[in-house]
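Read through the structure below, which is laid out as structure tokens, and then see the notes.
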Amino acid sequence: MRLVLLGPPGAGKGTQSARLKEKYHVPQLSTGDMLRAAVKAATPAGLEAKAIMDKGALVPDETVVGIIADCIAAPDAKAGFILDGFPRTVRQAEALAKMLAAKNLDLDAVIELKVDEAALLARIAKRVNDTLACGGTVRADDTPEAFKTRLAAYNAETAPVAAFYAKKSVLKTVDGMALVDAVTEAIDQVLDGAVRTVRLG
Ligand code: AMP
Numbered sequence: 000m001r002l003v004l005l006g007p008p009g010a011g012k013g014t015q016s017a018r019l020k021e022k023y024h025v026p027q028l029s030t031g032d033m034l035r036a037a038v039k040a041a042t043p044a045g046l047e048a049k050a051i052m053d054k055g056a057l058v059p060d061e062t063v064v065g066i067i068a069d070c071i072a073a074p075d076a077k078a079g080f081i082l083d084g085f086p087r088t089v090r091q092a093e094a095l096a097k098m099l100a101a102k103n104l105d106l107d108a109v110i111e112l113k114v115d116e117a118a119l120l121a122r123i124a125k126r127v128n129d130t131l132a133c134g135g136t137v138r139a140d141d142t143p144e145a146f147k148t149r150l151a152a153y154n155a156e157t158a159p160v161a162a163f164y165a166k167k168s169v170l171k172t173v174d175g176m177a178l179v180d181a182v183t184e185a186i187d188q189v190l191d192g193a194v195r196t197v198r199l200g
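The numbering of the sequence shown is numbering that gives the first Met the number 0, which starts it at 0 and goes up by one.
Right, dumping it as structure tokens:
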């Protein structure tokens, strides 16, 4: 199963990817998680990415394409992978297509979680308040300002990625505003159809 999950920040990509990882036994490749780990470990890539991430902007394509190329080439990705947060620009999507074509592979599906932006802002504000109320720490890029920058980056850079995959007829859309279990069910239905099509095709 080779899958891309698309959707704005806060749409639930991480939650759904984690469930898909359990179901299909393939790695969940989250560039955001990998970059945060690089920041924590103070690697050169992490040090370069930190200020950009804190603002809510996108790190350079070369950085994330390099990370994903390594992950896709790793033995545990032989049976497939779930891309969570990548590609986020058309250049990244093109780089991914090249990487897969070089291995004679293709994506099984690209699933876009559609959400309402106003509801998303309310959802993120609640998440931040709940976390603070429990004494937890909030991600630097979950502040309202950084979150708005992330949303703007999504609309400017990542929405065209959905159009890129729609043109290739591989894009499926799921209502990301539904309850978490209902979203999982909708994704399962989409994937059942996608896998059957691939087998028949
Ligand atoms: P996420 O956890 O997916 O929301 O990612 C957190 C932050 O990491 C983003 O706001 C970007 O700064 C950076 N990031 C993650 N994935 C990418 C990507 N594919 N391209 C560029 N920047 C990324």
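Think of the CB as a built atom: it goes at the ideal place given N, C-alpha and C, for glycine as much as any other residue.
Top-ranked residue by Cα proximity to Ser16, from Asn103, Gly45, Ala48 and Val109: Position 17 of the sequence shown, counted from the first residue, corresponds to residue 16. Closest option to Ser16, Cα to Cα, is Val109.
Spatial neighbours of Gly200 in its chain, beta-carbon cut-off 8 angstroms, leaving aside the 5 residues before and after: For this step, residue 200 is matched to residue 201 along the sequence shown. For Gly200, the predicted model reports a pLDDT of 46, less than 50, meaning its position is unreliable and no value from the coordinates is stated.
Same chain only: Cβ atoms within 7 angstroms of Val63, ignoring 5 sequence neighbours per side: Translated into the one-based positions of the sequence shown, residue 63 becomes position 64. Contacts found: Thr30, Phe85 and Gln91.
N- and C-terminal bounds of the beta strand (DSSP E) containing Ala155: Residue mapping note: residue 155 aligns to position 156 of the sequence shown, counting from 1. Counting along the chain, no beta strand (DSSP E) covers Ala155, and no H or E run does either.
C-alpha distance - Asp105 paired with Val173, whole-angstrom precision: Position 106 of the sequence shown, counted from the start, is the residue given in the question as residue 105. Position 174 of the sequence shown, counted from the start, is the residue given in the question as residue 173. Taking the CA atoms as reference points, Asp105 sits about 21 angstroms from Val173.
Candidates Leu46, Arg1, Glu111 and Tyr23, of which the one nearest Ala162 by Cα: One-based indexing of the sequence shown puts residue 162 at position 163. It is Glu111.
Distance CB(Gly79)-CB(Val25) smaller than 7 angstroms: Stepping through the sequence shown from its first residue, residue 79 is reached at position 80. Stepping through the sequence shown from its first residue, residue 25 is reached at position 26. In this structure, Val25 lies closer than 7 angstroms to Gly79 by Cβ.
Whether Met176 touches Asp107 by CB criterion (7 angstroms): Counting from one through the sequence shown, the residue named residue 176 turns up at place 177. Counting from one through the sequence shown, the residue named residue 107 turns up at place 108. At the C-beta level, Met176 and Asp107 stay beyond 7 angstroms of one another.
Distance between beta carbons of Ile71 and Gln27, contact taken as under 8 angstroms: Taking the sequence shown and counting its residues from 1, one reaches residue 27 at position 28. Taking the sequence shown and counting its residues from 1, one reaches residue 71 at position 72. Contact flag wrong, Cβ pair sits at about 13 angstroms.
Contact test: Leu99 Cβ vs ligand 1 heavy atom, cutoff 6 angstroms: Counting from one through the sequence shown, the residue named residue 99 turns up at place 100. No, since every heavy atom of ligand 1 falls outside the 6 angstroms radius drawn around the Cβ of Leu99.
Which of helix, strand or coil DSSP assigns to Thr14: As a first step, residue 14 is located in the sequence shown; it is residue number 15 there, counting from the start. Helix at Thr14.
Identified DSSP bridge partners for Glu61: Mapped onto the sequence shown, residue 61 falls at position 62. According to DSSP, Glu61 bridges with nothing at all.
Proximity test, Thr227 beta-carbon vs ligand 1 heavy atom, cut-off 6 angstroms: For residue 227 there is no data in the structure shown, the boundaries of the chain being 0 and 200.
Helix, strand or coil at Asp83 according to DSSP, with G and I counted as helix: Walking along the sequence shown from the start, residue 83 turns up at place 84. Asp83 falls in the strand class under three-state DSSP.
Host beta strand (DSSP E) of Leu119 (start-end): In the sequence shown, the residue the question calls residue 119 occupies position 120. No beta strand (DSSP E) contains Leu119, which is instead part of the alpha helix (DSSP H) from Glu116 to Ala132.
Any non-hydrogen atom of ligand 1 within 6 angstroms of Leu190 CB: Taking the first residue of the sequence shown as position 1, residue 190 is located at position 191. Because no heavy atom of ligand 1 lies under 6 angstroms away, the Cβ of Leu190 does not count as near it: no.
Coarse secondary structure for Leu199, derived from DSSP in three states: Position 200 of the sequence shown, counting from 1, holds the residue named residue 199. With a pLDDT of 49 at Leu199, under the threshold of 50, the modelled position of this residue cannot be trusted; read the value that follows with caution. Leu199 falls in the helix class under three-state DSSP.
heavy atom of ligand 1 below 6 angstroms from Gly65 C-beta: The residue labelled residue 65 in the question sits at position 66 within the sequence shown. No, ligand 1 has no heavy atom inside 6 angstroms of this Cβ.
beta-carbon Arg87 near ligand 1 non-hydrogen atom, thresh 6 angstroms: On the sequence shown, position 88 is the one that residue 87 refers to. The answer is yes for Arg87.
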